[in-house]
Amino acid sequence: MMQRILTDAGYEVYVAGDGKEVLLQARVHQPDLILLDAHMPNMDGFEALRHLKADPHLLPFMS
13 MMQRILTDAG
23 YEVYVAGDGK
33 EVLLQARVHQ
43 PDLILLDAHM
53 PNMDGFEALR
63 HLKADPHLLP
73 FMS
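When you read off a place in the sequence shown, starting at 1, and then add 12, the result is the number in this note's numbering.
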(Lines of atoms letter the chains of each structure in order from A and count residues from 1; the text may use other names and numbers.)
(Lines give C-alpha, C1' and ligand atoms only; values in the text may rest on other atoms or scores of the structure.)
Protein backbone atom coordinates (compact mmCIF):
# COMPACT_ATOMS: atom_id res chain seq x y z
CA MET A 1 0.00 0.00 0.00
CA MET A 2 2.73 2.51 0.95
CA GLN A 3 4.70 1.55 -2.15
CA ARG A 4 1.80 2.48 -4.41
CA ILE A 5 1.03 5.72 -2.57
CA LEU A 6 4.65 6.89 -2.73
CA THR A 7 5.13 5.78 -6.34
CA ASP A 8 1.92 7.54 -7.40
CA ALA A 9 3.20 10.68 -5.67
CA GLY A 10 6.33 10.57 -7.85
CA TYR A 11 8.80 9.05 -5.40
CA GLU A 12 11.34 6.39 -6.34
CA VAL A 13 10.59 3.35 -4.15
CA TYR A 14 12.78 0.34 -3.32
CA VAL A 15 11.31 -2.64 -1.50
CA ALA A 16 13.30 -5.06 0.67
CA GLY A 17 12.06 -8.51 1.64
CA ASP A 18 13.97 -8.70 4.91
CA GLY A 19 16.22 -6.75 7.25
CA LYS A 20 19.45 -7.84 5.59
CA GLU A 21 18.20 -6.61 2.23
CA VAL A 22 17.27 -3.28 3.88
CA LEU A 23 20.91 -2.78 4.87
CA LEU A 24 22.16 -3.62 1.38
CA GLN A 25 19.66 -1.36 -0.38
CA ALA A 26 20.31 1.51 2.03
CA ARG A 27 24.01 1.40 1.22
CA VAL A 28 23.43 1.13 -2.53
CA HIS A 29 20.63 3.70 -2.94
CA GLN A 30 21.34 6.15 -0.06
CA PRO A 31 17.60 6.92 0.37
CA ASP A 32 16.18 10.06 1.96
CA LEU A 33 13.54 8.02 3.82
CA ILE A 34 13.37 4.43 5.06
CA LEU A 35 10.14 2.88 6.34
CA LEU A 36 10.75 -0.27 8.37
CA ASP A 37 8.43 -3.08 9.40
CA ALA A 38 9.07 -4.30 12.94
CA HIS A 39 8.31 -7.90 11.87
CA MET A 40 10.63 -8.84 8.98
CA PRO A 41 12.31 -12.21 8.41
CA ASN A 42 16.03 -12.75 9.12
CA MET A 43 16.39 -9.40 10.94
CA ASP A 44 13.51 -7.41 12.43
CA GLY A 45 13.07 -3.70 11.88
CA PHE A 46 14.51 -2.78 15.28
CA GLU A 47 17.75 -4.66 14.64
CA ALA A 48 17.94 -3.27 11.10
CA LEU A 49 17.56 0.24 12.53
CA ARG A 50 20.41 -0.35 14.98
CA HIS A 51 22.65 -1.42 12.08
CA LEU A 52 21.56 1.53 9.95
CA LYS A 53 22.30 4.00 12.76
CA ALA A 54 25.74 2.47 13.29
CA ASP A 55 26.74 2.80 9.62
CA PRO A 56 28.83 5.99 9.23
CA HIS A 57 28.23 6.04 5.46
CA LEU A 58 24.49 6.61 5.85
CA LEU A 59 22.64 9.79 6.73
CA PRO A 60 21.60 10.33 10.37
CA PHE A 61 18.42 8.59 11.49
CA MET A 62 15.48 9.78 13.52
CA SER A 63 13.62 7.05 15.36
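Even for Gly, the Cβ is constructed at its ideal location relative to N, Cα and C. Please read these numbers as outputs of a predicted model, since none were measured by experiment.
With C-beta atoms as the reference, is residue i less than 7 Å away from residue j?
i      : j     : result
Met52  : Lys32 : no
Leu150 : Phe73 : Because the chain here runs from 13 to 75, residue 150 falls outside it and cannot be looked at.
Tyr26  : Gln42 : no
For residue i, I'd like the list of residues in its chain whose CB is within less than 6 Å of its CB, leaving aside the five on either flank, ordered along the chain.
i     : result
Val34 : Ala28, Ala60
Within the same chain, show all residues whose beta-carbon is closer than 8 Å to that of residue i, passing over the 5 residues directly before and after it, in chain order.
i     : result
Asp30 : Met52, Pro53, Asn54, Met55
With 16 as the cutoff for other CB atoms within 10 Å, does residue i come out buried or exposed?
i     : result
Ala50 : exposed
Contained alpha helix (DSSP H) runs [length at least 4] in the stretch 26-57, N- to C-terminal order: 31-41
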